[in-house]
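S.K.: Residue numbering for the sequence shown follows our numbering, beginning at -6 and increasing consecutively.
Note that beta-carbon positions come from the ideal geometry of N, C-alpha and C, so glycine has one too.
Computed from a prediction, not measured in an experiment: that's the story for all the values here.
Right, I'll just put the structure down here and ask away after.
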Amino acid sequence: MGIRKNVAVVGGGIIGLAIAYTEAKAGSKVTVFEKNERAVGASIRNFGMVWPIGQPHGHMLQRALRSRQIWEEVAHSCGLWRDPVGSLHLAYRPDEVEVLEEFYASSAEKGYQCELLRPDQVKAISPATRLAGLQLGLLSKTEMIVDPREVPLTLTEYLKEKFEVKFHYTTCVQAIEGNRLHTRDAKHVFDQIYVCCGSDLEILYPSQFLATDITKVKLQMLRTGPQPNNWRMGPSLCGGLTLTHYASFSHCSSLQALKNRIQEESPWFPKWGIHVMMSQNGYGECVIGDSHEYGWVHDPFLREEVNQYILEYLWGMVQVPEPTIETRWYGVYAKLPTQTELIFQPNPAVTVVTGVGGAGMTLSFGLAEEVVG
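In structure tokens form, the structure reads like this:
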């Protein structure tokens, strides 16, 4: 057996853990450095949606589908809860119907696995959908839900036990020189270093980040308590606003009319980057969101009017037995407006990977395979 490659991963979020898993599975000796005592960033502040239907056709869709396949392998190996429940896009207005029909017309040739449903067919699989005014649904079976609060903890323990990955928490990497990594108390030497810093763009390589158009995005989300009597909502749900958000629908010529109508009728949605979705985790809680504010510095407080915009739209298309909101929070992630991720090498021993734009759960394992490979 040859000498094992000695690898460091800076950042214990989902991208860092995916790269640690990929390298460890390939036989590398892996050490993860995380500046907090556990992952507390965007990787735990999301829906937990593995969401191929949101990725544009071609390479990104294939990456998402490959990532979902790895999720199944990892979840099976470490006992991680997941629900391959699929997704439903709901159309209540004629312009939303046009977009869904146009998307569906070319979906098979582009690699999407979906079908159009009449309202009675939606009713049969989605007890959460409000049928009043519903005109059409688009069902996709490739989406899966995991619980982002559980993923870092469960995956970390699995990596420790299965692959002997070492984790250094509350350890901030202050500088990297060549293949030498500096923390407060020590210097470490590695063959390869991956920097998976999420939205922490000011600590390592700040000038390189500033030379790009990378920015930070603040999102607001909400969560109900567990639904009574083991009630399950069926597929994850989203409405017409979501058609304007994901790149998978951007090729539809009918999309502009939908955007124009939303801007005219309800300009607060595009102003705050709101599109509305709901998923359900293993505890029966319904996870709801979200909004998008762009910039390097964000107000640390939640905007209650944004939450109300989200909820008013949601309750127009969704019904749940117990709608009381128990938790509200925000997250921040890094995004490049013109790219799907940011990858660069400050030197041959270091690879920086960030800026997946809120699609970390969907893309990380597939992206990790590409980066490590």
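1. Tell me which residues share the same chain as G282 and place their Cβ nearer than 6 angstroms to its Cβ, disregarding the 5 neighbours each side in the sequence.
2. For N340 and V188, I'd like the C-alpha separation in whole angstroms.
3. List the whole-angstrom C-beta distance separating L58 from L131, where the pair is believed to meet the contact cut-off of C-beta under 8 angstroms.
4. Please report the distance separating the alpha-carbon of S241 from that of S272.
5. Please classify L326 as buried or exposed, where buried requires at least 16 other C-beta atoms within 10 Å of its C-beta.
6. Counting along the chain, where does the alpha helix (DSSP H) carrying T147 start and finish?
7. Reducing DSSP to helix, strand and coil, say where M214 ends up.
8. Considering Cα atoms alone, identify which of L234, I63, L236 is closest to L148.
9. Taking the alpha-carbon positions, what's the V417 to G79 distance?
10. Would you give the residue range spanned by the alpha helix (DSSP H) that A32 belongs to?
11. Work out the CA separation of Q301 and S234 for me, nearest whole Å.
12. When DSSP labels each residue in this structure, what does I207 get in the three-state scheme?
13. Do you know whose CA, among W261, T24, F337, A13, lies nearest S200's CA?
14. Kindly indicate which three-state DSSP category G51 falls into: helix, strand or coil?
15. Rounded to whole angstroms, what is the Cα-Cα separation between G171 and L197?
16. Please state the DSSP three-state secondary structure of I(-4).
17. Pairs of beta-carbons, one from the stretch 120 to 139 and one from the stretch 209 to 229, closer than 8 angstroms: are there three or more?
M.R.: This is what the structure holds:
1. Indexing the sequence shown from 1 puts residue 282 at position 289. Apart from sequence neighbours up to five positions away, the residues of its chain that approach G282 with a beta-carbon distance below 6 angstroms are M214, ordered along the chain.
2. Reading the sequence shown from its first residue, position 347 is the one you call residue 340. Reading the sequence shown from its first residue, position 195 is the one you call residue 188. Cα-Cα distance, rounded: 12 angstroms.
3. In the sequence shown, the residue the question calls residue 58 occupies position 65. In the sequence shown, the residue the question calls residue 131 occupies position 138. The pair is not a contact, with the Cβ atoms about 17 angstroms apart (cut-off 8 angstroms).
4. Within the sequence shown, numbered from 1, the residue matching residue 241 stands at position 248. Within the sequence shown, numbered from 1, the residue matching residue 272 stands at position 279. Answer to the nearest angstrom: the Cα atoms are 19 angstroms apart.
5. Here residue 326 refers to the residue found at position 333 when the sequence shown is read from its first residue. Looking at the sequence itself, residue 326 is Tyr, so the reference to Leu does not match. With 16 or more other Cβ atoms from the protein chains shown falling within 10 Å of its own Cβ, Y326 counts as buried.
6. In the sequence shown, counting from the first residue as 1, residue 147 sits at position 154. 144 to 156 is the span of the alpha helix (DSSP H), which, as asked, contains T147.
7. Here residue 214 refers to the residue found at position 221 when the sequence shown is read from its first residue. In the three-state DSSP reduction, M214 falls in the strand class (E or B).
8. If you number the sequence shown from 1, residue 148 lands on position 155. Checked all of L234, I63, L236; the closest Cα to L148 is I63.
9. The structure shown does not extend to residue 417, since the chain spans only -6 to 366, so no value can be given for it.
10. Looking up residue 32 in the sequence shown gives position 39. Where A32 is concerned, there is no enclosing alpha helix (DSSP H), given that its DSSP letter is neither H nor E.
11. As a first step, residue 234 must be located in the sequence shown, where it is residue number 241. As a first step, residue 301 must be located in the sequence shown, where it is residue number 308. Looking at the sequence provided, one finds Leu at residue 234 rather than Ser. Taking the straight line joining both Cα atoms gives about 15 angstroms.
12. By 1-based counting over the sequence shown, the position of residue 207 is 214. Here I207 sits in coil by DSSP.
13. By one-based count along the sequence shown, residue 200 stands at place 207. Residue nearest to S200 within the set W261, T24, F337, A13 is F337 (criterion: CA-CA distance).
14. Residue numbering aside, residue 51 sits at position 58 when the sequence shown is read from its first letter. Correct three-state label for G51: coil.
15. For the purposes of this step, residue 171 is taken as the residue at position 178 of the sequence shown. For the purposes of this step, residue 197 is taken as the residue at position 204 of the sequence shown. Each residue's Cα considered, the two are about 13 angstroms apart.
16. Along the sequence shown, read from residue 1 onward, the residue named residue -4 stands at position 3. The answer is coil: DSSP assigns I(-4) none of H, G, I, E or B.
17. The stretch 120 to 139, when compared against the stretch 209 to 229, does touch it at the 8 angstroms Cβ threshold.
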